[in-house]
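Protein sequence lines correspond, in order, to chains A and B. This note's numbering puts the last residue of the first sequence at 157; the count rises by one with no breaks. This note's numbering puts the last residue of the second sequence at 626; the count rises by one with no breaks. Below you'll find the structure, written out as structure tokens, and then a few comments.
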Amino acid sequence: DAMVIQNPRYQVTQFGKPVTLSCSQTLNHNVMYWYQQKSSQAPKLLFHYYDKDFNNEADTPDNFQSRRPNTSFCFLDIRSPGLGDAAMYLCATRPTGGSGTDTQYFGPGTRLTVL
Amino acid sequence: SQKIEQNSEALNIQEGKTATLTCNYTNYSPAYLQWYRQDPGRGPVFLLLIRENEKEKRKERLKVTFDTTLKQSLFHITASQPADSATYLCALKYSSASKIIFGSGTRLSIRP
């Protein structure tokens, strides 16, 4: 089945230790998003790619970086995680042609714990 | 800036009844509004989209309304079932923006 996959599902890191979260998709969608969601809060957009074009949200901390080496994969790098970065990180995709171009398809998320 | 308000209190409904969730927004109306379902520890799943010029959309037991005068969308689940228990997120897309903005969601519990 076509889908959005996130690995790992659970990630534990130490304060200040770099961590990378990964997302892959078999949907062949042009647009990929990274969201941060804290408990009982709305998903907050960190950045998105339209193909290779990177779009950073103005309030996304410099501590967060992203890479998209090809259509299928996208990575979220947190250079020096702080306790406040503990959250669920959601990857989503969206097509830009055909029907359903307004729908985002989410992965299951990676729960990040910072010790 | 645009603000989205969803019931922060959890909604508890008896099985078989209609559940109604509210999404209110400020300022100008979005181009469209979406509803997503999110289960604990999972990513949101798209349910329905309603555009600015539409009053109502239906899909099986789900119904969404959009009132641009009241700046409100209502999401209804008829004949509710315990399996409908989840958090439901409202999301808005404005024509001038490239992204959608999510509300914080309403947690719905359907008791048998």
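Backbone N, C-alpha and C define an ideal beta-carbon position, used for all residues, glycine too.
Q: Please list, in chain order, all residues of the same chain as residue 49 of chain A whose beta carbon is under 7 Å from its beta carbon, the five residues on each side excluded.
A: Within the first sequence, residue 49 of chain A is the residue found at index 7, counting from 1. Hits under 7 Å: 64.
Q: Select from the region 528 to 539 of chain B all residues with a C-beta closer than 7 Å to any C-beta belonging to chain A, and list them in chain order.
A: none
Q. Skipping 5 residues on each side, what residues in its chain have a beta carbon closer than 6 Å to that of residue 577 of chain B?
A. Indexing the second sequence from 1 puts residue 577 of chain B at position 63. Counting only Cβ-Cβ distances below 6 Å, and skipping sequence neighbours, we find 590.
Q) Thinking C-alpha only, which one of A:82, A:129 and A:108 is nearest residue 157 of chain A? A) Your numbering for residue 157 of chain A matches position 115 in the first sequence. Nearest option by C-alpha distance: A:129.
Q.
Which runs of the beta strand (DSSP E) at least 3 residues long sit entirely within the region 554 to 615 of chain B? Give them in chain order.
A. 559 to 565, 570 to 573, 576 to 581, 586 to 591 and 600 to 607
Q | residue 110 of chain A at chain B interface by Cβ criterion, 8 Å | A | Walking along the first sequence from the start, residue 110 of chain A turns up at place 68. No, because no Cβ of chain B sits closer than 8 Å to the Cβ of residue 110 of chain A.
Q: Just the C-alpha distance for residue 568 of chain B and residue 580 of chain B, rounded to the nearest angstrom, thanks.
A: Taking the first residue of the second sequence as 1, we reach residue 568 of chain B at position 54. Taking the first residue of the second sequence as 1, we reach residue 580 of chain B at position 66. For residue 568 of chain B and residue 580 of chain B, the distance between alpha carbons rounds to 7 Å.
**Q.** Contact with chain B by residue 144 of chain A, beta-carbon distance below 8 Å
**A.** Taking the first sequence and counting its residues from 1, the one referred to as residue 144 of chain A is at position 102. Yes, because at least one Cβ of chain B sits closer than 8 Å to the Cβ of residue 144 of chain A.
Q.
Quick check: the region 585 to 599 of chain B against the region 48 to 62 of chain A, are at least 3 beta-carbon pairs closer than 8 Å?
A. no
Q) Can you name the residues that DSSP bridges to residue 536 of chain B? A) Translated into positions along the second sequence, residue 536 of chain B becomes position 22. According to DSSP, which records beta bridges pairwise, residue 536 of chain B is partnered with B:588.
Q.
For residue 72 of chain A and residue 534 of chain B, I'd like the C-alpha separation in whole angstroms.
A. Indexing the first sequence from 1 puts residue 72 of chain A at position 30. Indexing the second sequence from 1 puts residue 534 of chain B at position 20. Going from the Cα of residue 72 of chain A to the Cα of residue 534 of chain B covers about 35 Å.
Q: Return the chain-ordered list of same chain residues with a C-beta closer than 8 Å to the C-beta of residue 146 of chain A, the five sequence neighbours on each side being excluded.
A: As a first step, residue 146 of chain A must be located in the first sequence, where it is residue number 104. So the qualifying residues of the chain are 75, 134, 135 and 136.
(Q) As a quick exercise: from B:530, B:608 and B:536, pick the residue whose alpha carbon is nearest that of residue 601 of chain B. (A) Position 87 of the second sequence holds residue 601 of chain B. Residue 601 of chain B has its Cα closest to that of B:536, out of B:530, B:608 and B:536.
Q) How would you list, in chain order, the residues of chain A whose beta-carbon sits under 8 Å from the beta-carbon of residue 618 of chain B? A) The residue labelled residue 618 of chain B in the question sits at position 104 within the second sequence. Near residue 618 of chain B (Cβ distances below 8 Å), the residues of chain A are 82, 83 and 84.
Q: For residue 93 of chain A, count neighbouring Cβ atoms within 10 angstroms of its own Cβ and tell me buried if that reaches 16, exposed if not.
A: Here residue 93 of chain A corresponds to residue number 51 of the first sequence, with the count starting at 1. Label assigned to residue 93 of chain A: exposed.
Q. How would you call residue 61 of chain A, buried or exposed, if buried means at least 16 neighbouring beta carbons within 10 angstroms?
A. What you label residue 61 of chain A is simply residue 19 of the first sequence in a count that begins at 1. Answer is buried; the Cβ neighbour count reaches 16.
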